[in-house]
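K.L.:
Protein chains in written order, with our numbering: chain B, 64 to 181; chain Y, 64 to 181. What follows is a single structure, and I will ask about it in a moment.
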DNA sequence: CGGCTGTTTGGTTAATATCCCAATTGTCGA
DNA sequence: TCGACAATTGGGATATTAACCAAACAGCCG
């Protein structure tokens, strides 16, 4: 793997890593569905310390996924990219596939002989 | 955030986290473009210890992204989902947006007055 | 059976992430 | 200007991750 290629994958990984946390996923999802939100609102929804939420937002922003804007004493965050929805759709399809697989495994354990043509 | 909702985002995060590593991204990309590969081939391409690569593959498999099949003494891994391409496309668009932003910032520093209409 | 290759697992260490608390900065209204 | 609220930053404890090496495992061939 050449250095340039490595750098490319590292850049991608930085962005994906920013999304790889339940709280940050929740935030992104919320912003995608309901538009801009201030830190205090998100803190309320998430139910963690405001400093924690603020740091999560900083991670998402520094990855280029969010942008912020001050309104008075509050800071509002909003999505900077629109394709996040597709992103989630793919993740959901993986979850679905995993669930299906799980089902098949269970069925196979319960009645191995008929499972193949059920 | 309700416990069920939290569980949902945790499940998503597990999958995304599995992708949040340069080597694993490379592997997924390779499998997406060239089909099934055995551990030894991937180890060769990645240029790391085989045990390291094997562990990366285990991570991807346990997330449900890959499936493996033995052929003789070798283990071949292949993608289990097709939408990964969209996934990457979105990440690329974020990278592109970040690069554009960077450009604008630079232009703004060099000549703040004309930058607005350049 | 014994050795060979391919693969996984265990162990150790270093780096990173995450959380909350405490302290600081910034903005608004009295 | 002071006090209150919003947000960020720094600090420290804990947990997770990732790398390599070494050792164990699993098929296959002689």
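We treat Cβ as the ideally placed atom computed from N, Cα and C, and that holds for glycine. In this text the structure is predicted, and so the values were computed from the model without any measurement.
#1: Going by Cα to Cα distance, which pick from 78/B, 94/B, 80/B is closest to residue 148/B?
#2: Compute every distance between the C-beta of residue 88/B and the non-hydrogen atoms of the ligand SAM, then say whether any falls below 7 Å.
#3: Please state if the CB of residue 103/B and the CB of residue 150/Y are separated by a distance shorter than 8 Å.
#4: So, do the segment 118-134 of chain Y and the segment 105-121 of chain B have three or more beta carbon pairs nearer to each other than 8 Å?
#5: Who are the neighbours of residue 72/B on chain Y, taking C-beta pairs under 7 Å?
#6: What does the Cβ neighbour count give for residue 66/B, buried or exposed, with the cut at 16 atoms within 10 Å?
#7: Determine the extent of the beta strand (DSSP E) in which residue 134/Y is found, giving its start and end residues.
#8: Check each residue of the segment 147-169 of chain B: if its Cβ is closer than 8 Å to any Cβ of chain Y, include it; give the result in chain order.
#9: Are the segment 80-93 of chain B and the segment 71-88 of chain Y touching by the rule of at least three beta carbon pairs closer than 8 Å?
#10: Runs of 4 residues minimum, wholly inside the segment 99-157 of chain B: which ones carry the alpha helix (DSSP H) assignment?
#11: Quick one, which of 158/Y, 109/Y, 91/Y, 64/Y has its alpha-carbon nearest residue 74/B's?
#12: Less than 8 Å between CB atoms is the rule here; does residue 80/Y satisfy it with respect to chain B?
#13: For the segment 112-135 of chain Y, which residues have a beta carbon sitting closer than 7 Å to at least one beta carbon of chain B?
#14: From what residue to what residue does the alpha helix (DSSP H) around residue 96/B run?
#15: Taking just the CA atoms, how far does residue 143/B sit from residue 161/Y?
#16: Identify, in the order they occur along the chain, each residue of the same chain with its Cβ nearer than 7 Å to the Cβ of residue 132/B, setting aside the five sequence neighbours on each side.
#17: Does DSSP put residue 181/B in a helix, a strand or coil?
#18: What does the Cβ neighbour count give for residue 68/B, buried or exposed, with the cut at 16 atoms within 10 Å?
#19: Quick one: what does DSSP say residue 64/B is sitting in, helix, strand or coil?
#20: Apply the 10 Å Cβ neighbour rule to residue 100/Y and answer buried if 16 or more other Cβ atoms are within range, or exposed otherwise.
P.N.:
Working from what's here:
#1: Here residue 148/B corresponds to residue number 85 of the first chain, with the count starting at 1. Checking every option, the nearest Cα to that of residue 148/B belongs to 94/B.
#2: Ligands displayed in this structure: none; no statement on the ligand SAM is therefore possible.
#3: The sequence position of residue 150/Y within the second chain is 87, counting from 1. The sequence position of residue 103/B within the first chain is 40, counting from 1. Not closer than 8 Å, so no.
#4: no
#5: Locating residue 72/B in the first chain gives position 9, counting from the first residue. Neighbours of residue 72/B on chain Y, chain order: 85, 88, 89.
#6: Counting from one through the first chain, the residue named residue 66/B turns up at place 3. Exposed.
#7: Reading the second chain from its first residue, position 71 is the one you call residue 134/Y. Counting along the chain, the beta strand (DSSP E) containing residue 134/Y begins and ends at 129-134.
#8: 147, 149, 150, 151, 152, 153, 154, 155, 156, 157, 158, 160, 161, 164
#9: yes
#10: 102-109, 113-125
#11: If you number the first chain from 1, residue 74/B lands on position 11. For residue 74/B, the nearest C-alpha among the options comes from 158/Y.
#12: Locating residue 80/Y in the second chain gives position 17, where the first residue counts as 1. Yes - at least one Cβ of chain B is within 8 Å of the one on residue 80/Y.
#13: Those would be 127, 128, in chain order.
#14: The residue labelled residue 96/B in the question sits at position 33 within the first chain. For residue 96/B, the uninterrupted alpha helix (DSSP H) run begins and ends at 85-97, by DSSP.
#15: One-based indexing of the second chain puts residue 161/Y at position 98. One-based indexing of the first chain puts residue 143/B at position 80. Their Cα atoms are separated by approximately 10 Å.
#16: To locate residue 132/B, count along the first chain from 1; it is residue 69. So the qualifying residues of the chain are 139.
#17: Taking the first chain and counting its residues from 1, the one referred to as residue 181/B is at position 118. At residue 181/B, the pLDDT of 35 sits below 50, so the modelled position is not reliable and the matter cannot be decided from this model.
#18: For this step, residue 68/B is matched to residue 5 along the first chain. With fewer than 16 Cβ atoms within 10 Å of its Cβ, residue 68/B is classed as exposed.
#19: As a position in the first chain, residue 64/B is number 1, starting the count at 1. Note: residue 64/B maps to coil in three-state DSSP.
#20: One-based indexing of the second chain puts residue 100/Y at position 37. The residue in question, residue 100/Y, is buried, as its Cβ has 16 or more Cβ neighbours within 10 Å.
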